[in-house]
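Colleague:
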Amino acid sequence: ANGAPVALVAQATTAAATNGLERARGDDGLVFGTYLLIQTVLAARQTDFAAALRGAHITVPDQPGVFDIVTGVSEAIDRRLRDNMRRTDISEMAQLAAVESLTTKLRQRSAHLFGTTPLEVQRGAKELSTQRGFGSLACHYFARFSRRFLMYHLGRELSLHVGGNGRFEDLTAHDDFIEELEIHCHEAAGITRVFAEEWYSKHNFQGGISLSKTRGFVNHCLDKLSHEFLLRGSRDG
Numbered sequence: 043a044n045g046a047p048v049a050l051v052a053q054a055t056t057a058a059a060t061n062g063l064e065r066a067r068g069d070d071g072l073v074f075g076t077y078l079l080i081q082t083v084l085a086a087r088q089t090d091f092a093a094a095l096r097g098a099h100i101t102v103p104d105q106p107g108v109f110d111i112v113t114g115v116s117e118a119i120d121r122r123l124r125d126n127m128r129r130t131d132i133s134e135m136a137q138l139a140a141v142e143s144l145t146t147k148l149r150q151r152s153a154h155l156f157g158t159t160p161l162e163v164q165r166g167a168k169e170l171s172t173q174r175g176f177g178s179l180a181c182h183y184f185a186r187f188s189r190r191f192l193m194y195h196l197g198r199e200l201s202l203h204v205g206g207n208g209r210f211e212d213l214t215a216h217d218d219f220i221e222e223l224e225i226h227c228h229e230a231a232g233i234t235r236v237f238a239e240e241w242y243s244k245h246n247f248q249g250g251i252s253l254s255k256t257r258g259f260v261n262h263c264l265d266k267l268s269h270e271f272l273l274r275g276s277r278d279g
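Every number in the numbering used here is 42 more than the matching position in the sequence shown, counting from 1.
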């Protein structure tokens, strides 16, 4: 309400939501969603992309497009959470972030003037299976998750400060703040990129990437994100 910059608001929100971030550590939906992103890009290295995806419990047709893949990933997360009865707000945010990041990154790499073929989609997913490709995907994923996490706590409060003597003169000012927050989340999530690249390269080489290894990866990224939000907010404050 006092006009603090986005970074300081994000810092305060992160500090107030520390318990939420602690609950996110080990959240089955967040861990499994991350694991499926990894399995999706690794499947693209196989000759039979569709069969490799099905082997990772991602149901797709024989010639999957972007929509088929993201739908298959989303449905796989749904089944996992339904079977384990562990659906949480964190899981919902992670599932949406996984779908958004995978859709964005696959479309960026497979979009074509005359349409996108299944072969181009596989090629795009294979590019994400490189060390740098996975770092880019992970960074985007945690940025989307962070944005949803912060807005989960800020969403109701922000609308109370539009018009009158509020922080935002009108809805345009409110939307501008949301856009700045999204940029801030993408910049903060950059802290995960190098770590994700190194972790992915190391563990993919040393016996493959398991669900338990992914759990440790997610928890470390959450620690990095939380620290980065607090650091950037303190600096701007």
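C-beta atoms are modelled at their ideal positions from N, C-alpha and C, and glycine is treated no differently.
Model, not experiment: these values are computed from the prediction.
#1: Please state whether DSSP places T89 in a helix, a strand or coil.
#2: Considering Cα atoms alone, identify which of S254, E240, T130, F187 is closest to L264.
#3: Under DSSP, the alpha helix (DSSP H) around H245 begins and ends at which residues?
#4: Terminal residues of the continuous alpha helix (DSSP H) containing T113?
#5: Distance, Cα to Cα, T256 vs E221?
#6: Taking DSSP as the reference, what is the three-state secondary structure of P160?
#7: Using the C-alpha atoms, what's the distance from G68 back to F184?
#8: Could you tell me the distance, in whole angstroms, from the CA atom of T214 to the CA atom of L223?
#9: How big is the Cα-Cα spacing for Q248 and L267?
#10: Exposed or buried, S133, counting other C-beta atoms within 10 Å across all chains shown (16 or more means buried)?
Modeller: In terms of the structure at hand:
#1: Within the sequence shown, the letter at position 47 stands for residue 89. Here T89 sits in coil by DSSP.
#2: Against the sequence shown, residue 264 aligns to sequence position 222. With distances taken between Cα atoms, L264 lies closest to F187.
#3: Locating residue 245 in the sequence shown gives position 203, where the first residue counts as 1. It spans 233-247 - the alpha helix (DSSP H) in which H245 sits, taken as one unbroken run.
#4: For the purposes of this step, residue 113 is taken as the residue at position 71 of the sequence shown. It spans 108-126 - the alpha helix (DSSP H) in which T113 sits, taken as one unbroken run.
#5: To locate residue 256, count along the sequence shown from 1; it is residue 214. To locate residue 221, count along the sequence shown from 1; it is residue 179. Spanning the alpha carbons of T256 and E221 requires a straight line of approximately 30 Å.
#6: Taking the sequence shown and counting its residues from 1, the one referred to as residue 160 is at position 118. P160 carries a helical assignment under DSSP once its states are collapsed to helix, strand and coil.
#7: Against the sequence shown, residue 184 aligns to sequence position 142. Against the sequence shown, residue 68 aligns to sequence position 26. Distance between the alpha carbons of F184 and G68 is about 15 Å.
#8: Taking the sequence shown and counting its residues from 1, the one referred to as residue 214 is at position 172. Taking the sequence shown and counting its residues from 1, the one referred to as residue 223 is at position 181. One C-alpha to the other measures close to 14 Å.
#9: The residue labelled residue 248 in the question sits at position 206 within the sequence shown. The residue labelled residue 267 in the question sits at position 225 within the sequence shown. Cα to Cα, the separation comes out at about 26 Å.
#10: On the sequence shown, residue 133 is found 91 positions in, with the first residue counted as 1. It is buried - the Cβ of S133 has at least 16 other Cβ atoms within 10 Å.
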